[in-house]
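**Q**
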Amino acid sequence: MSFLNKMLASVGFGAAKVDTQLDSSQVRLGETLSGRVVVRGGNVAQTIEHINLYVMTQYKHEDTYHNHAVHTQTVSGRLDLKPGETREVPFRFPIGYSVPLSMYGTKLWVQTGAAISAAVDPGDSDALTVLPNAPVEAFLAGVERLGLRFKKSEIEYSKGRFVQELEFVPPYGAYSVAEVEFVLFAQADRLGVIIEVDRRARGMAALFVEEFESRSRWELSPQLIAAGPDVIARELGDRIRGM
Numbered sequence: 003m004s005f006l007n008k009m010l011a012s013v014g015f016g017a018a019k020v021d022t023q024l025d026s027s028q029v030r031l032g033e034t035l036s037g038r039v040v041v042r043g044g045n046v047a048q049t050i051e052h053i054n055l056y057v058m059t060q061y062k063h064e065d066t067y068h069n070h071a072v073h074t075q076t077v078s079g080r081l082d083l084k085p086g087e088t089r090e091v092p093f094r095f096p097i098g099y100s101v102p103l104s105m106y107g108t109k110l111w112v113q114t115g116a117a118i119s120a121a122v123d124p125g126d127s128d129a130l131t132v133l134p135n136a137p138v139e140a141f142l143a144g145v146e147r148l149g150l151r152f153k154k155s156e157i158e159y160s161k162g163r164f165v166q167e168l169e170f171v172p173p174y175g176a177y178s179v180a181e182v183e184f185v186l187f188a189q190a191d192r193l194g195v196i197i198e199v200d201r202r203a204r205g206m207a208a209l210f211v212e213e214f215e216s217r218s219r220w221e222l223s224p225q226l227i228a229a230g231p232d233v234i235a236r237e238l239g240d241r242i243r244g245m
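Throughout the sequence shown, residue numbering follows the numbering used here, covering 3 to 245 in sequence.
1. Rounded to whole angstroms, what is the Cα-Cα separation between Ile50 and Gln113?
2. Which whole-angstrom value describes the C-beta separation of Leu150 and Phe170, a residue pair presumed to lie in contact below a C-beta threshold of 8 Å?
3. Please name the residue in Gly115, Val39, Ala140 whose C-alpha comes closest to that of Leu193.
4. Alpha carbon to alpha carbon, how far is Val138 from Lys62? Give it in angstroms, no decimals.
5. Where Met58 and Gly98 are concerned, what is the direct C-alpha to C-alpha distance, given to the nearest angstrom?
6. Going by the CB atoms, is the gap between Leu103 and Val246 shorter than 8 Å?
7. Does chain E have any CB closer than 8 Å to the CB of Arg163?
8. Does the separation of the CB atoms of Ile234 and Val199 fall below 8 Å?
9. Quick check on this structure: which residue in Val165, Thr108, Ile118 has the alpha carbon closest to the alpha carbon of Gln48?
In structure tokens:
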């Protein structure tokens with residue numbers, strides 16, 4: 003093993019490579035993400051101290067976007083790689099209910115991080131689509147039945163925590179609101195929702211009417227979720243009108 007090879011490996015040339023292969027790039031809240039990390043040795047023997055997988059997204063704070071790991075999973079401890087050796091590290095871990103949904107304005111990906119002694123992190127990145135579980139799916143179907151049109155999703159950092167805000171626009175003139183925002187707190191069989199209604203006036207009325215926002219908390223029970231989107235839509239409509 004030449005000094006030149008060691009030096010090149012320390013800056014990434016001829017070093018070990020990692021490739022994360024997901025069994026599926028789609029996963030629902032609460033379900034299991036699985037796959038394998040393929041590690042290929044380079045031109046010299048190297049030691050990988052550990053391999054982490056990070057479920058990543060972007061959040062907005064004071065008009066600036068930052069990358070953030072919403073989940074970190076260690077999938078391997080120490081690996082001693084011989085030159086040219088290939089190892090496969092299988093993994094399985096649950097996607098928690100606090101992980102954001104993949105919607106317009108919010109993207110997620112799996113970032114692989116390998117701690118290699120005296121070398122740069124080879125890294126790897128794989129797109130990930132996180133789908134709603136049954137309670138969230140029922141709620142979003144109710145929102146659609148109500149006629150609210152999805153506008154965008156955004157992860158925001160506020161008061162020491164990260165939240166995903168889903169913004170919807172009602173049909174013109176409906177409910178006398180300009181915009182409705184939801185923050186969802188999913189669980190296996192129920193759902194918590196923060197509803198924020200923006201009653202900004204439109205057109206000429208905006209010159210004479212101040213902006214007005216109101217917020218309320220709603221807990222959807224397993225019974226309400228089982229009742230279906232039409233029942234959810236009716237109750238949501240009543241709540242919006244009453245805010």
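A virtual CB, placed ideally from N, CA and C, is assigned to each residue, including glycine.
**A** So, from the data block:
1. Your numbering for residue 50 matches position 48 in the sequence shown. Your numbering for residue 113 matches position 111 in the sequence shown. In a straight line, the C-alpha of Ile50 is about 16 Å away from that of Gln113.
2. In the sequence shown, counting from the first residue as 1, residue 150 sits at position 148. In the sequence shown, counting from the first residue as 1, residue 170 sits at position 168. With a Cβ gap of about 4 Å, Leu150 and Phe170 count as contacting.
3. For the purposes of this step, residue 193 is taken as the residue at position 191 of the sequence shown. The candidate whose alpha carbon is nearest that of Leu193 is Ala140.
4. Start at 1 with the first residue of the sequence shown, and residue 62 comes out as number 60. Start at 1 with the first residue of the sequence shown, and residue 138 comes out as number 136. C-alpha separation (whole angstroms): 23 Å.
5. Taking the sequence shown and counting its residues from 1, the one referred to as residue 58 is at position 56. Taking the sequence shown and counting its residues from 1, the one referred to as residue 98 is at position 96. Going by the C-alpha atoms only, they are around 13 Å apart.
6. Nothing about residue 246 can be read from this structure; the chain reaches only from 3 to 245.
7. Of the chains in the structure shown, none is chain E; there is only one protein chain.
8. To locate residue 234, count along the sequence shown from 1; it is residue 232. To locate residue 199, count along the sequence shown from 1; it is residue 197. For Ile234 and Val199, no; Cβs fall outside 8 Å.
9. Locating residue 48 in the sequence shown gives position 46, counting from the first residue. The shortest C-alpha separation from Gln48 is found at Ile118.
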